[in-house]
Each structure stands twice: as C-alpha cells, then as structure tokens.
C-alpha cells in the first residue's frame, strides 16, 4: 500500500514523535511510505518545555522524513499537500493529541480530499486534552471532520470520540511496545554505583506535569523509607511549568536524600540506564488516556504501578504485569510498593508473555484491515 504519514518524527522530542518514528519505520518494511514532518510544531511562546527538538541524543532513532509543515504558516500546508500528491497515496495517517492543530489539520485534510483519492486515518492519542475546555470539543470535532477511520488505544478514548462523532469508524487497539531504547544501557550494578543509589529503586520517568501526580509518590516516600531504609526514588524528566509545584515538594521532602533527581530531558542512549537501574516504574497519574512510559517499561521487562485512569488498567494486568491502584492516593502507592517488594510476584515472565499482544506487527495488521 502507498501510505503517507503526517506527524512529528525524530529529532522532535516526546511521545508522539517516538510513536510516529517507530510506526513509520515498521510500515516501511512492507509498504511504500512517505513521511511528512514539521519544520515547526509550536511557536516558542506556546511551548512550556525547554526545547521542542532533541539536540543531545547521540543515538538517533532515524526516520527518513521530509520536514515541510509549519503549524502557523498555511503556505507550507499547501506545499505539503502538493508533495503528497506526487506519490498518489492510498492512505494518509495523521495524529490527534491537541486542539492547537485544529486549523492546520482541518485545512490539510480538506486539501487532501480535494486533490487526492486517499482515505484519511487519525490515530488519536488524546481525543480531549488533559485540561480540556468546552471549546476544545468544538475544535476537535472540526479538526477530525474529514477523517475516514480512527484508531484509539483506550475504551475511554473510543467513548469520547463517539460522543463527538457518533458515526465514526473507530477501532480500539493497545498502544504498541517501545523497545527502541533497549539497545544501549549499562549493567545495573554499575549504574547503581554511578548514580549513588541504594539497593531498592523505584522510578518516575518522563515529562513532569501536574496531571501526572508525582506529588503523591513523593508524599509516599517517608513511610516507604521507614520500612525500607535501602529504598530510593529516581525521578527522571524535564519539569514543565505546571509541574514545578511538584518539584518544590520533592526538594522539601524530609527524605530528599532518598530522592535522586535528573531534571532534564534524557538522551535516547541514556533512557535504558534508568529503567535498568530500577525495580519498578510508578505512574501515579491523576488523569491519562494512555502512556508510552508503560510500554517503555515493558520494553525493559519492568513492571509498573499505575492508577485507575484512562486506558492504563486495560494495558496493565493487576498482579500480573504490574499493580493497578486508586488515583490521588498516597496510601495506595505505599501499599502497592510494599506489595511489590514483599510478595515478589513473577512480573517479568508475565510481561514477556504479553509482548506479542503489544507488537507493532499487530498494530500494522489493524491499519491494513481498516
């Protein structure tokens, strides 16, 4: 099949870029793929992080894409569609994660419908943003109006989409696994020594934002350290503006010497180090649709503790591949960590058994059978 994929690719940072880069590379194994990326995703004034691109990683996740689209320059949208026409695609794949792209994507899809015969598939990572306003629903409905198909990764997302577009042709499929970071990492014993970590290590990984609930994990640490004096919390990720309150709480914790902070975006070649050094990854999210962090953790055969929000309980099988707990509960986190260390369930074997369900081949099968 001739497929055009529109979305950010490496070296853009973050989950959407990682997802798109891996999907493009997997599709190219069996299809003719044209990847169209962005020259600019957001104006600097609207981006809360330090940098939209990844200038640090030595180990790039390569993707043969063409950067054309500037999200605030309509002339580049026309240029992109003219480029797309040259390959006469049968399918266009796009991503939806924020209403910021409404005008951009509505224009692109309208032009694609006018100038090609291609069907349009949207893979929706957030039908509604984590801090959704009423206007966001209107914008989302407009942006997705020209789509022929949808794929979502959680039943809640499917419900949200069907509320906006009742006749949407939508397929729900699990978020595929991330094992692209597994090639490079240092042995655990050396990492623990290099990072000056104690014997037991729990990990919080990824951009730190308010909705991710880091403060509840930080508040759990005093009681956990009381029970396990050899326990450390490893927090790895860049703090966005709405996550700075969590950082302040972390820095003021009475057990802050048991909290190791790596407060910047981690280069690709170092991602594996932090997962390899840890026993379990904790995602105490207040809201969520899904999370690439879960699939990154599974890529390293590491179990996770997740909250009962969004699609997380559909991905993590309680007491098999991780632990599923109540949200916004410090006590639930404490109980889950104690359960993990005291009961020593064979999470690793169960995660390995589940990997076929999370394979990219299965995801591509879904796309091919729309």
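Numbering (our numbering), first residue to last: 1085 to 1454. We put the CB at the ideal spot given by N, CA and C, even for glycine.
So what does residue i bridge to, in DSSP terms?
| i | result |
| --- | --- |
| residue 1367 | 1390 |
| residue 1319 | 1288 and 1345 |
| residue 1086 | 1116 |
| residue 1233 | 1205 |
| residue 1181 | According to DSSP, residue 1181 bridges with nothing at all. |
| residue 1402 | 1406 |
Select from the options the residue whose C-alpha is nearest the C-alpha of residue i.
| i | options | result |
| --- | --- | --- |
| residue 1179 | 1161, 1148 and 1104 | 1104 |
| residue 1345 | 1184, 1316 and 1356 | 1316 |
| residue 1272 | 1258, 1367, 1296 and 1360 | 1360 |
| residue 1181 | 1195, 1245 and 1196 | 1245 |
| residue 1369 | 1379, 1333 and 1390 | 1390 |
| residue 1439 | 1417, 1381, 1403 and 1423 | 1381 |
| residue 1289 | 1091, 1252, 1378 and 1242 | 1378 |
| residue 1444 | 1429, 1383 and 1418 | 1383 |
| residue 1232 | 1299, 1242 and 1177 | 1177 |
| residue 1420 | 1406, 1431 and 1262 | 1406 |
| residue 1249 | 1262, 1227 and 1238 | 1227 |
| residue 1234 | 1247, 1218, 1254 and 1219 | 1254 |
| residue 1363 | 1088, 1189 and 1388 | 1388 |
| residue 1172 | 1163, 1148, 1200 and 1189 | 1200 |
| residue 1252 | 1229, 1262 and 1239 | 1229 |
| residue 1241 | 1415, 1175, 1436 and 1394 | 1394 |
| residue 1086 | 1204, 1284, 1101 and 1106 | 1204 |
| residue 1385 | 1431, 1454, 1423 and 1426 | 1431 |
Kindly indicate the opening and closing residues of the alpha helix (DSSP H) around residue i.
| i | result |
| --- | --- |
| residue 1406 | Looking at the DSSP string, residue 1406 is not in any alpha helix (DSSP H); the run it does join, the beta strand (DSSP E), is 1406–1409. |
| residue 1422 | 1414–1427 |
| residue 1311 | 1298–1311 |
| residue 1355 | 1352–1361 |
| residue 1276 | 1272–1278 |
| residue 1331 | 1328–1335 |
| residue 1227 | 1218–1227 |
| residue 1462 | What is shown of the chain runs 1085 to 1454, which leaves residue 1462 out entirely. |
| residue 1251 | Per DSSP, residue 1251 belongs to no alpha helix (DSSP H) and is neither H nor E. |
| residue 1325 | Neither: residue 1325 is in no alpha helix (DSSP H) and is coded neither H nor E. |
| residue 1190 | 1186–1199 |
| residue 1434 | 1431–1438 |
If you follow the beta strand (DSSP E) that residue i is part of, which residue opens it and which one closes it?
| i | result |
| --- | --- |
| residue 1254 | 1254–1256 |
9 angstroms is my cut-off, CB to CB: does residue i come that close to chain B?
| i | result |
| --- | --- |
| residue 1097 | Given the protein chain composition of this structure (a single chain), no chain B is represented. |
query: Can you find at least 3 beta carbon pairs, one from the stretch 1303–1315 and one from the stretch 1385–1405, that sit closer than 8 angstroms?
result: no
field: Every unbroken alpha helix (DSSP H) within the stretch 1090–1176, with a cutoff of 4 residues, ordered by chain
entry: 1099–1111 and 1158–1169
- prompt: How do the stretch 1411–1421 and the stretch 1218–1237 stand: do at least 3 beta-carbon pairs fall below 8 angstroms, yes or no?
  reply: no
Three-pair Cβ contact test at 8 angstroms for the stretch 1332–1342 versus the stretch 1435–1452: no
- prompt: Quick one: any contact between the stretch 1345–1352 and the stretch 1370–1383, if contact means 3 or more CB pairs under 8 angstroms?
  reply: no
task: Count the C-beta pairs between the stretch 1115–1124 and the stretch 1145–1157 that are closer than 8 angstroms, then say yes if the count reaches three, no if not.
output: yes
message: So, does the stretch 1189–1199 touch the stretch 1094–1103, judging by three or more C-beta pairs under 8 angstroms?
response: no
task: Evaluate the contact criterion for the stretch 1112–1121 versus the stretch 1167–1174: three or more CB pairs, one atom per stretch, below 8 angstroms.
output: yes
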